[in-house]
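The opening residue of the sequence shown carries number 469 in the numbering used here; numbering runs sequentially from there.
All C-beta atoms, glycine included, are put in the ideal place defined by N, C-alpha and C.
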Amino acid sequence: MDGSDLVADLEQFLASHEAELVEFRRDLHAHPEIGYNEHRTTRRVALRLAASGLRPVILPKGTGMIVDVGGSNDGGPVVALRADIDALPLQDEKKVAYASTTPGVCHACGHDVHTAILVGTGLFLAQQAAAGLLPGRVRLIFQPAEETALGALDVLAAGGLASVGRMFGLHCDPRLDAGYVGMRTGPITAACDKVTVEVTGPGGHTARPHLTADLVYALGKIVTELPAALSRRVDPRSSLSLVWGQISAGAAANAIPDVGVVSGTVRCLDDDAWHRAPDLVKELVDSVALAYGVSASLDYHRTVPPTVNDTDCAAMVTAASEAVLGPGRVVSTSQSLGGEDFAWYLESVPGALARLGTRVPGSGGTEVGDLHQPIFDVDERAIGIGVRMLAATAITALWDGTPITNTQAHTPTHATPTRA
Ligand SMILES: [Zn+2]
Ligand SMILES: [Zn+2]
Numbered sequence: 469m470d471g472s473d474l475v476a477d478l479e480q481f482l483a484s485h486e487a488e489l490v491e492f493r494r495d496l497h498a499h500p501e502i503g504y505n506e507h508r509t510t511r512r513v514a515l516r517l518a519a520s521g522l523r524p525v526i527l528p529k530g531t532g533m534i535v536d537v538g539g540s541n542d543g544g545p546v547v548a549l550r551a552d553i554d555a556l557p558l559q560d561e562k563k564v565a566y567a568s569t570t571p572g573v574c575h576a577c578g579h580d581v582h583t584a585i586l587v588g589t590g591l592f593l594a595q596q597a598a599a600g601l602l603p604g605r606v607r608l609i610f611q612p613a614e615e616t617a618l619g620a621l622d623v624l625a626a627g628g629l630a631s632v633g634r635m636f637g638l639h640c641d642p643r644l645d646a647g648y649v650g651m652r653t654g655p656i657t658a659a660c661d662k663v664t665v666e667v668t669g670p671g672g673h674t675a676r677p678h679l680t681a682d683l684v685y686a687l688g689k690i691v692t693e694l695p696a697a698l699s700r701r702v703d704p705r706s707s708l709s710l711v712w713g714q715i716s717a718g719a720a721a722n723a724i725p726d727v728g729v730v731s732g733t734v735r736c737l738d739d740d741a742w743h744r745a746p747d748l749v750k751e752l753v754d755s756v757a758l759a760y761g762v763s764a765s766l767d768y769h770r771t772v773p774p775t776v777n778d779t780d781c782a783a784m785v786t787a788a789s790e791a792v793l794g795p796g797r798v799v800s801t802s803q804s805l806g807g808e809d810f811a812w813y814l815e816s817v818p819g820a821l822a823r824l825g826t827r828v829p830g831s832g833g834t835e836v837g838d839l840h841q842p843i844f845d846v847d848e849r850a851i852g853i854g855v856r857m858l859a860a861t862a863i864t865a866l867w868d869g870t871p872i873t874n875t876q877a878h879t880p881t882h883a884t885p886t887r888a
């Protein structure tokens, strides 16, 4: 298959479907649902895909679904594409016709956009499959509950990645103009874990610390020694940092308490360091506690690892996107300190998460807000861009990494697109 055919097919598909996808997104935006409550969203997506002959399988908890497009069960390549479908518990403060109609719930992270893009991508790929142009199977994963970092684990538990060889996803980026894709090899999002240390001792009179264990002093040592020791035990390039946010112990100036608690977060940009962090923190807590005669228990709560983009998969996204969007449309992007549960998938299969520009070009972006702000909105031309990007990436990956060659210098019709 040659790339100019794909470009032509995509442009033709979007000419007849882009307005519908924008409306689809606006409908989801007006009816946002938080994690595991995405029943209406699930129904809308499933009905639309079923209407084009696809067979969505709803996930066990009742929201989100998995839909296979094309191919057979012959062990051929399967490429997965994921969209998260949940909204945030925030009040929508936008003055637009499609503002949230549900008090206290808002699509402020762009997951409505991701969902509309994956619906469009699925419809396009189904059309290609029917024409015998899809060289394998593409699995669409509509994942619930990303904001609580739990939904990806449900998809994994349901066997959603069975037979999948590579996996791709995207996230809205309000700091990048619509029309552009941001890509990065290696980690693109960060890990953020929660750590709580509880220290206990016999307690006693502050006149006689030598007859008991000076618990507040020991707690203070843990607070200062742990971040310092971590910075000497872990490669500084991993940017592993422990920062305390809460501490409590004692009730009286002259009584050594018998319990104290400190909690904070561990942020980390590196996957290896993230995997080693709990054991290391435990070892350091134990050694400080031992030195001061107190007992310490550690509660290390994992949220998500960093999302680590595979080198080959990142190159596929870049090659495929440039083939259908035009040269120079993929830019490098920096690693974010935010967390993203797409990371769980990439612990199992190679893949890549892309950033999709959603800023209105020339606007500076201030009027539509940042992710998780109650005024967050997007330039909806990004929906068509996202369909082009995901569809081309899936087909490129099915061709086992051989990039689609764009045989004609394609002037993207969306370089200065009009709003659908
Ligand atoms: Zn979010
Ligand atoms: Zn998000």
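Does the segment 607-623 come into contact with the segment 527-540, if we say contact requires no fewer than three beta-carbon pairs (one atom in each stretch) closer than 8 Å?
They touch, by the three-pair rule.
Report all residues from its chain with a CB closer than 8 Å to the CB of Asp726; omit the five preceding and five following residues, and keep chain order.
Excluding positions up to five away in sequence, the list reads Thr668, Gly669, Pro670, Gly671, Leu683.
Starting from the Cα of Leu601, find the closest Cα among Thr680, Asp477, Ala757 and give me that residue.
Of Thr680, Asp477, Ala757, the residue nearest in Cα terms is Asp477.
The segment 650-660 contacting the segment 773-782, beta-carbon criterion three pairs below 8 Å:
Touching, yes.
Sorry if obvious, but does the Cβ on Cys660 come closer than 8 Å to a heavy atom of ligand 1?
Taking the Cβ of Cys660 as the reference point, every heavy atom of ligand 1 lies at 8 Å or farther away.
Could you check whether the segment 849-863 touches the segment 581-589, counting it as contact only if at least three pairs of C-beta atoms, one from each stretch, sit closer than 8 Å?
Three or more Cβ pairs closer than 8 Å define a contact, and the segment 849-863 meets that threshold against the segment 581-589.
Entirely enclosed alpha helix (DSSP H) segments - the segment 534-600, minimum 4 residues
Runs found: 579-598.
N- and C-terminal bounds of the alpha helix (DSSP H) containing Leu858
Its alpha helix (DSSP H) spans residues 849-866.
Less than 8 Å between the CB of Glu501 and some heavy atom of ligand 2, yes or no?
No; taking the cut-off as 8 Å, the Cβ of Glu501 has no heavy atom of ligand 2 nearer than that.
Buried or exposed (CB count within 10 angstroms, at least 16 for buried), Ala630:
Exposed.
For Ile585, which residues of its own chain have a beta-carbon under 6 Å away from its beta-carbon, when the five flanking residues on both sides are left out?
Around Ile585: Ile851, Gly854, Val855.
For my contact list, Lys689 and Tyr760 are in at a C-beta cut-off of 8 Å; report their separation, rounded to the angstrom.
About 6 Å; that satisfies the 8 Å criterion.
Round the Cβ separation of Leu644 and Gly825 to the nearest angstrom and send it over; I've been treating them as touching at under 8 Å.
In this structure Leu644 touches Gly825 by the C-beta definition: roughly 3 Å separates them, less than 8 Å.
Nearest-residue set for ligand 3, Cβ under 6 Å from any heavy atom
No copy of ligand 3 occurs in the structure displayed; its ligands are ligand 1 and ligand 2 alone.
Please name the residue in Gly530, Ile724, Leu638, Asn505 whose C-alpha comes closest to that of Ala862.
Closest by alpha carbon: Leu638.
Using the Cβ count rule (16 or more neighbours within 10 Å means buried), how would you classify Val665?
Val665 counts as buried, since no fewer than 16 other beta carbons sit within 10 angstroms of its beta carbon.
Go ahead and pull the three-state DSSP assignment for Thr653.
The answer is coil: DSSP assigns Thr653 none of H, G, I, E or B.
So, with DSSP's three-state summary, where would you put Pro695?
Pro695: helix per DSSP, three-state reduction.
Could you check how far apart the C-beta atoms of Lys529 and Ile843 are, in whole angstroms? I think they sit under 8 Å.
The C-beta distance from Lys529 to Ile843 rounds to 31 Å, too long to meet the 8 Å contact threshold.
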